[in-house]
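Asker: Sequence order for the protein chains is A and B. Using the numbering used here, you'd call the opening residue of the first sequence number 1 and step up by one each time. Using the numbering used here, you'd call the opening residue of the second sequence number 1001 and step up by one each time. Here a beta-carbon is modelled for each residue, glycine too, at the ideal position from N, C-alpha and C.
There are 2 protein chains.
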Amino acid sequence: MASRRHVIADDLRAQISTGRIKAGERLPSETQLAARYTVSTPTLRSALALLQAEGLVEKVHGKGNFVRRPVQRITYRGGSPTPPTPALQSSIRVTRIRARGHLCTLLRVPVGTPLTEFHCLSHDGTSPYGLARVYIPRDLAPAVTPDESPWPAKEATPLAEIEETLCARLPTALEAATLRISPTLAVLAITRVATDTAGRVVEAAVLAIPGDRAEAIFTTHHTADDRRTEG
Amino acid sequence: MASRRHVIADDLRAQISTGRIKAGERLPSETQLAARYTVSTPTLRSALALLQAEGLVEKVHGKGNFVRRPVQRITYRGGSPTPPTPALQSSIRVTRIRARGHLCTLLRVPVGTPLTEFHCLSHDGTSPYGLARVYIPRDLAPAVTPDESPWPAKEATPLAEIEETLCARLPTALEAATLRISPTLAVLAITRVATDTAGRVVEAAVLAIPGDRAEAIFTTHHTADDRRTEG
DNA sequence: CAGTGGTCTAGACCACGCG
DNA sequence: GCGTGGTCTAGACCACTGT
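1) What residues match up with Ser91(A) in a beta bridge as DSSP calls it?
2) Looking at the strands, I want to know which residues DSSP matches up with Ala1132(B).
3) Run through chain A and tell me which residues come within less than 8 angstroms of Ala941(B), C-beta to C-beta.
4) Say whether chain A places a C-beta atom closer than 9 angstroms to the C-beta of Ile1021(B).
5) Applying a beta-carbon distance threshold of less than 9 angstroms, which residues of chain A neighbour Ile1217(B)?
6) Does His221(A) get closer than 9 angstroms to chain B when you measure Cβ to Cβ?
7) Roughly how many angstroms separate the alpha carbons of Glu30(A) and His119(A), rounded to a whole number?
8) Between the alpha carbons of Thr41(A) and Leu33(A), how many angstroms are there, rounded?
9) Nearest CA to the CA of Arg169(A): which residue from Pro114(A), Leu207(A), Lys63(A)?
10) Got a sec: which bits of the segment 174-187 of chain A sit with their beta carbon under 7 angstroms from any beta carbon on chain B, in order along the chain?
11) Sorted by chain position, which residues of the same chain lie with C-beta nearer than 6 angstroms to Ala1047(B)'s C-beta, five sequence neighbours on each side aside?
12) For Tyr37(A), which residues of its own chain have a beta-carbon under 6 angstroms away from its beta-carbon, when the five flanking residues on both sides are left out?
13) May I have the straight-line CA-CA distance separating Gln1052(B) from Ile1181(B), to the nearest angstrom?
14) Would you kindly work out how many angstroms separate the C-alpha atoms of Thr145(A) and Ile209(A), rounded to a whole number?
15) Helix, strand or coil, according to DSSP, for Leu1170(B) in the structure here?
16) What is the DSSP secondary structure of Ile1097(B), reduced to helix, strand or coil?
17) How would you call Thr1197(B), buried or exposed, if buried means at least 16 neighbouring beta carbons within 10 angstroms?
18) Looking at chain B, is there any beta carbon in it that lies within less than 9 angstroms of the beta carbon of Glu58(A)?
19) Have a look at Leu1012(B) and Val1071(B) and give me their C-alpha separation to the nearest angstrom.
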């Protein structure tokens, strides 16, 4: 029942949580740990893989295994048209692209429609923790440049509805690399589509947040007359 | 860049998606596959582990590796006090427990408060796919028995607000076993807390849905005066 | 360069499912 | 009992990071 790797993982987890191995610190090398626990290196590595999947340990090739700092939890608040984490450092890259494939479905536009893409990576100090790709039809966001407010004002088109679809999935190779997480650590993926009163999609956003530090909160108010709209 | 396991996984994935290996079918044994791809068994197993994590293949000890049937996607609709998947077979177990630990925080009740627990496992035919644990203070759900409607009527206490918190995490050992998913496949975890107009928590639910087949949708309607009702 | 993790091998033995 | 997957070993060699 209790395989060696679980015993080792439990022991290391305990050492981390009790502070015997502090956050940010490097673990002994895999060879040393394997010797200490008298197991082969593949076995020890599989134990570390468990801690990786939990987001507790980060492996850095050529350097070692490091205890991850207890990251502050990222809270995504649903129902808001504004960026998920407004008061955050983030590097934004703006590109002009044309709609194709899945984006056409999301934005309900024909293939080739000019779009503005915001590729946004949120940081907390050195560690990245949020990846957002926002797509806006260019005719609705006329002249957005990196110098201006990166999040285009939407007052011009009154917002009618925001639909957010969430799922848990493994990160793509690109997402794992960008967010510096293990490819085995699931991300919380949020697809947000905002439509205006005319039924046009004014914004589609695809967000990926590491599962170990993200949570999304949705609050639904029910009025006294029990108007059960929604779904 | 392209490690052997990825090449093998890509090949098997292609064979599955093109239908050369059909859903429900058993793959050749790991020994056979290892021979076919001229790799060692651990390498082949690590390739299968990738497909497992994607939810494409299910391993059954002593029997073999099976291609999972393309499960219909489970859609959880946010903002509703009713069970997430109403028209579904589900086995419900009702227990009377007393609040402790995390439940006290969730339900905002002191330790020892009598609760009714609904342990609910939703099925689609033979395969389980949703695990829900619903907790209700017993004084608010006076006489609920398995024979009655399992979901207590809430008309007595007008609902004011529902807060749903979502995160992506690995399943607990119990969840993985109950849902028959690999422990490496993330679940979408939803914690739903419903409060009535008096501010009391009338229901707290903890749901776990396999990440490969679940998505949660939240719709937010914005009225002209930008009043943030729910959805 | 030395030290680290990344990948892979060719076996071994154990645990499970089924006839 | 036999075939299956589950776990583990004791190495090997490659790739990356620092000095």
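Answerer: According to the structure shown:
1) According to DSSP, Ser91(A) bridges with Leu121(A).
2) According to DSSP, Ala1132(B) bridges with Cys1120(B), Leu1207(B).
3) The question about residue 941(B) has no answer, for chain B in this structure spans 1001 to 1231.
4) Answer no: the Cβ-Cβ gap between Ile1021(B) and chain A never drops below 9 angstroms.
5) The contacting residues are Glu163, Glu164, Thr165, Leu166, Gly231.
6) For His221(A), the answer is yes, since a Cβ of chain B falls inside 9 angstroms of its Cβ.
7) Take the alpha-carbon of Glu30(A) and the one of His119(A): they are about 37 angstroms apart.
8) Straight-line Cα distance between these residues: approximately 8 angstroms.
9) Looking at the Cα atoms, Leu207(A) is the closest of the given residues.
10) Result list: Thr184, Ala186, Val187.
11) Sequence-distant Cβ neighbours of Ala1047(B) in its own chain, meaning closer than 6 angstroms and more than five residues away, are Arg1005, Ile1008, Ala1009.
12) Beyond the five residues adjoining it in sequence on each side, Tyr37(A) comes within less than 6 angstroms, by CB distance, of Ile8 in the same chain, given in chain order.
13) Gln1052(B) and Ile1181(B) have their C-alpha atoms roughly 9 angstroms apart.
14) Interpretation of Thr145(A) is limited by its pLDDT of 45, a score under 50 that renders its predicted location unreliable; no figure is taken from the coordinates.
15) Three-state DSSP puts Leu1170(B) in coil, outside helix and strand.
16) Here DSSP, grouped into helix, strand and coil, assigns Ile1097(B) to strand.
17) Burial call: exposed.
18) With respect to chain B, the C-beta atom of Glu58(A) has no partner C-beta closer than 9 angstroms.
19) Approximately 19 angstroms, taken between the alpha carbons.
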